[in-house]
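Novice: One structure, as structure tokens, below. Some questions next.
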Amino acid sequence: MSLGLALVAILIVAGATWWLGYARARRLRIAGRLHSLPVYHGTYAALWAAIPALLLIAAWAPVQSRMVDQAVLSSPEGRTLPAFAMSRDSILSEAREIAHGEREHGFNAESTALAPRIRAAETRYAMIGGAVALAIALAGAGLALRRSAPQFRARRGVERWLMAVLLSASLIAILTTLGILLSLMFESLRFFELVPPGKFIFGTEWSPQMAIRADQAGSSGAFGSVPLFWGTFFIGAIIAMIVAVPLGLMSAIYLTQYAHPRVRAWLKPILEILAGVPTVVYGYFAALTVAPAVRDFGIAIGVSSASSESALAAGLVMGIMIIPFISSMADDSIAAVPQAMRDGSLAMGATKSETIRKVLLPAALPGVIGGVLLAVSRAIGETMIVVMAAGLAANLTVNPFGSVTTVTTQIVQLLTGDQEFDSAKTLAAFALGLVLFLITLVLNLIALHVVRKYREQYE
Amino acid sequence: MKKRLRSRYAAERRFRLLGLSAVGVSVLFLAFLLFTMAAKGLGGFTRYEAALPIDFAKTDLFLDPATLRGPDAEQAVGGADIEGAIARSATDSYGPAAKEMFGDAAVRSLTRAIVRNPDMVSGTATVWLPLASNLDVAAKHGGDAKGEQLVSRLRAKQALRSRFNLDFLSASDATDPSAVGVWGALKGSFLTIMVTMLLAFPVGVFAAVYLEEFAPRNRWTDAIEVSINNLAAVPSIIFGLLGLAVFLNVMHLPRSAPLVGGLTLALMTMPVIVIAGRNAIKSVPPSIRDAALGVGASKMQVTFHHVLPLALPGILTGTIIGMARALGETAPLLMIGMRAFIAAPPNGVTAPATVLPVQIFLWSDEVDRGFVEKTSAAIIVLLLFMLLMNGLAIYLRNRFERRW
């Protein structure tokens, strides 16, 4: 018996319980007036049959796999296995695959011998877990069915279960945030044990090469993150915003103030397509078409050091990607400006553009700034464009034709090689991720605060 | 006075033109992007095939038509030296320069042809086989001198034709660009999105219902709202780091599996669904709730029997848009190891797989020239799917969404 079988059995028990509860309540209805509909009686009993038992199985599954491993390792065949954890684990996982019939025979001879042991241990523990879960299901069903009576408030019971589900669904958001913070912090702390935080935050040299041997020349890698954050800031907050803010703002102004409604109905979705194009497509476009063009342009105007992985190419494409984002934020904040202000300005004889420049924009400025901050936070977290179009060399340069690297590029670089998980190199990715997360968090919170406060002002 | 007015009107016109040109630049860029991808990628859907006369008696295939009629035909042909037979026939017909005229795709085509028609191996036959990648590029855009020479010789003999490359849609990743296809990646994407959908949709809808209909105003609710709004703006790569640390290193789920990718993307998509769901629920007028409460429904019944069905079109629209975003996402999946070379389509959610955007990224890194048009062709496939999903969302919105 496997846990899957127990799962099916529990569901069958729950189904039968539902029907029993339903039928019982219908019989009761003939006798007198029910508090709840028969459906609720059935559902109430079925929920008590299913949920505790399912929770038990969910909790049992990881326990079981650990106990199976232990049982197998203490068996006569298991004791002969190498003590080295990595080779032992690979043999074990092979044996597991053989036991489940996913492969015929293993690469290691030992695994074939282990397979029957694993199968036996799994059957034993699944039997225990499955039997207990089934007993709980039957007990829950019995207790719940006994409670059914005309005055029993089955609906309230069902609704309480439902409420618990709703609440736990919304708690997942908090759990995710906590999970991000904790996992990033945990790995970052391990990184800061190897590299002092001061050197990481203020260091200006980045070359994350850890030596294989301790006595090798240049054995300590440099983990100064300043050039990475400069590169991120340079591409995402300067070049991309120089492109996106004027274009996005002017597009929003044109679409909301000047364009005919029918033109607007066509142009706005087209602009939104820009936001829907996957970033990997932008990245490929930037690397294949924009970057060579930018390099040729740089050489043509006399920048001899123009790189084919220039900051300008990545920033330009990123800026284009951000346009619809800024445009829709600006759109919202311009629309939130009270009509009276607009009418007042026009009544004084100002032209439309004067009204927009001198009245609407200043009034909408907090909202626009909030939108730009959100856009910056999105741009510095953007990964694929910079991975494909920006460089890998960590330079502190203000030359837009030069090559800079970014935080996200380095995270991808650090985590996609073949190295052990515990090296400073991979842990550095988590430290970078933590700082990136905190920066975007602060930017988002400020932006949301600004936008909300400004909305309240006009409401 | 008149002069001043004139200059003010000129400024007005300039401003308006500036706005129009801003929109124009964006639209032009989009058109340029789509045009570039189409121009580069449409060639990826076709391939050049060359006629190859094969005298099976001269090859060392030693295949017997009788054994090829059984169910193991594919295995039997696979065991024979198809590649050598092709190379030999090619040199016989087109000279020694044609030794490497055909690649892996041709081996696959010939194998399939023999399985379909076993009698072929007892005589001579002329088969159309896809060219090797470098010759395919040479035939389409021109390549090195040797390749072009061979191509023009084939053209002169009328032994060259261009056909729709069905293999591109039905094959998986390969090392030879002439043999690659997107099917494996598409299947991986599909499985991943299914996992994402199954997890993110119920959780997102339940969370939206709770926050909009039941949540008391207190600190906990504020914390939930702030974390949802913030999660919607957290960079996607951070979710990848979370997936790597929690799902792979703590829970030991299999690397590069659609299950892990789907879980990671579900965490990323959930806030989007919650926000869309809340807006949709908010737009259901209170009179509906009041009427249902008035005839004796409980709060839960009001929500699930009346409010939620009315809000569903809006929720679905938001969900589809969120799913489209998840479908195009690359960075978090790189973090959880979905960048391995995987030549077989995945059989389940725990089998190693890759997804379409990651496949595009991997191909874009290849140096072989044959991969350029394959990458762009894969991008066209991806964009078509995005267009389909967004079109569905717009249709749902226009068809079912009610303005109260």
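Chains as they are written, first to last, in the working numbering: chain A, 1 to 459; chain B, 1001 to 1404. From the three backbone atoms N, C-alpha and C, an ideal C-beta is built for every residue, glycine too.
(1) State the DSSP-derived secondary structure class of B/E1049, mapped to helix, strand or coil.
(2) Could you say if the region 365–381 of chain A and the region 338–349 of chain A meet the contact criterion of at least three C-beta pairs nearer than 8 Å?
(3) Give a yes or no on whether the minimum CB-CB distance between A/F297 and chain B is below 7 Å.
(4) Does the region 1368–1381 of chain B come close enough to the region 1173–1185 of chain B to have 3 or more Cβ pairs within less than 8 Å?
(5) Beta-carbon within less than 8 Å of B/L1191's beta-carbon, same chain only, minus the 5 sequence neighbours each way: which residues are those?
(6) Rounded to whole angstroms, what is the Cα-Cα separation between B/F1062 and B/A1098?
(7) How many Å lie between A/R147 and B/M1197 at the Cα?
(8) According to DSSP, simplified to helix, strand and coil, what is A/S503?
(9) Considering B/L1382, what are the terminal residues of the alpha helix (DSSP H) in which it resides?
(10) Taking B/T1124 as part of the beta strand (DSSP E), name the residues at either end of that continuous run.
(11) Alpha carbon to alpha carbon, what distance is there between B/S1236 and A/I439?
(12) Distance check for A/R455 and B/I1273, CA to CA, integer angstroms please.
(13) Beta-carbon of B/Y1210 versus every beta-carbon of chain A: anything under 7 Å?
(14) Taking the beta carbon of B/E1213 as the centre, do at least 16 other beta carbons fall within 10 Å, making it buried, or is it exposed?
(15) Just curious, the alpha helix (DSSP H) that A/F285 is in, first and last residue?
(16) Under the assumption that B/G1322 contacts B/T1269 (Cβ atoms under 8 Å), give the Cβ distance between them as a whole number of angstroms.
(17) Does the CB of B/A1200 have a neighbour CB from chain A at under 7 Å?
(18) Quick check on this structure: which residue in B/D1167, B/G1044, B/M1251 and B/W1220 has the alpha carbon closest to the alpha carbon of B/V1107?
(19) Short of 6 Å in beta carbon distance, which residues of its chain neighbour B/S1089, apart from the five on each side in sequence? Order them along the chain.
(20) Among residues of its own chain, excluding the 5 on either side of A/R33, which ones have a beta-carbon nearer than 6 Å to its beta-carbon?
(21) Taking only beta-carbon atoms, is A/S170 less than 7 Å away from chain B?
(22) Which residues of the region 1350–1366 of chain B have a Cβ closer than 7 Å to any Cβ of chain A? Give them in chain order.
(23) Between which two residues does the beta strand (DSSP E) containing B/R1163 stretch?
(24) For A/I242, name the three-state secondary structure that DSSP assigns.
(25) Let's test the definition: count the other Cβ atoms within 10 Å of the Cβ of A/G218 and tell me whether it reaches 16, buried, or not, exposed.
(26) Return yes when the Cβ of A/Y284 is within less than 7 Å of the Cβ of A/V158, no when it is not.
(27) Quick one: what's got a C-beta closer than 8 Å to B/K1187's C-beta in the same chain, skipping five residues either side?
(28) Mind reading off the beta-carbon distance from B/P1130 to B/S1178? Whole number of angstroms is fine, and I expect it under 8 Å.
(29) So is B/R1016 in contact with chain A if we call contact Cβ pairs under 7 Å?
(30) Which value, in whole angstroms, describes the spacing of the CA atoms of B/R1006 and A/T351?
(31) Using a Cβ-Cβ distance under 7 Å, would A/M318 count as near chain B?
(32) Give a yes or no on whether the minimum CB-CB distance between B/R1369 and chain A is below 7 Å.
(33) Closest by CA to A/S341, which one among A/T416, A/F325, A/G42 and A/P362?
(34) Tell me the rounded alpha-carbon separation between A/V290 and A/L5.
(35) Which runs of the alpha helix (DSSP H) at least 4 residues long sit entirely within the region 366–392 of chain A? Give them in chain order.
(36) When the distance is taken between beta carbons, is A/G231 closer than 7 Å to A/V404?
Specialist: Concretely, from the data shown:
(1) strand
(2) no
(3) no
(4) yes
(5) P1258, G1262, P1346, G1348, V1349 and A1353
(6) 23 Å
(7) 38 Å
(8) Residue numbering for chain A in the displayed model covers 1 to 459; residue 503 of chain A lies beyond these limits and cannot be assessed.
(9) G1370 to F1400
(10) T1124 to P1130
(11) 14 Å
(12) 23 Å
(13) yes
(14) buried
(15) T279 to F285
(16) 4 Å
(17) no
(18) B/D1167
(19) L1052 and I1054
(20) none
(21) yes
(22) P1357, I1360, F1361 and S1364
(23) L1160 to F1164
(24) helix
(25) Residue placement at A/G218 is flagged as unreliable, the pLDDT there being 48, under the threshold of 50; the coordinate-derived value follows with that caveat. Under this definition A/G218 is an exposed residue.
(26) no
(27) P1345, P1346 and A1353
(28) 6 Å
(29) yes
(30) 12 Å
(31) no
(32) no
(33) Here residue 341 of chain A turns out to be Met, not Ser, going by the sequence shown. For the residues A/T416, A/F325, A/G42 and A/P362, the minimum Cα distance to A/M341 belongs to A/P362.
(34) 57 Å
(35) 384–389
(36) yes
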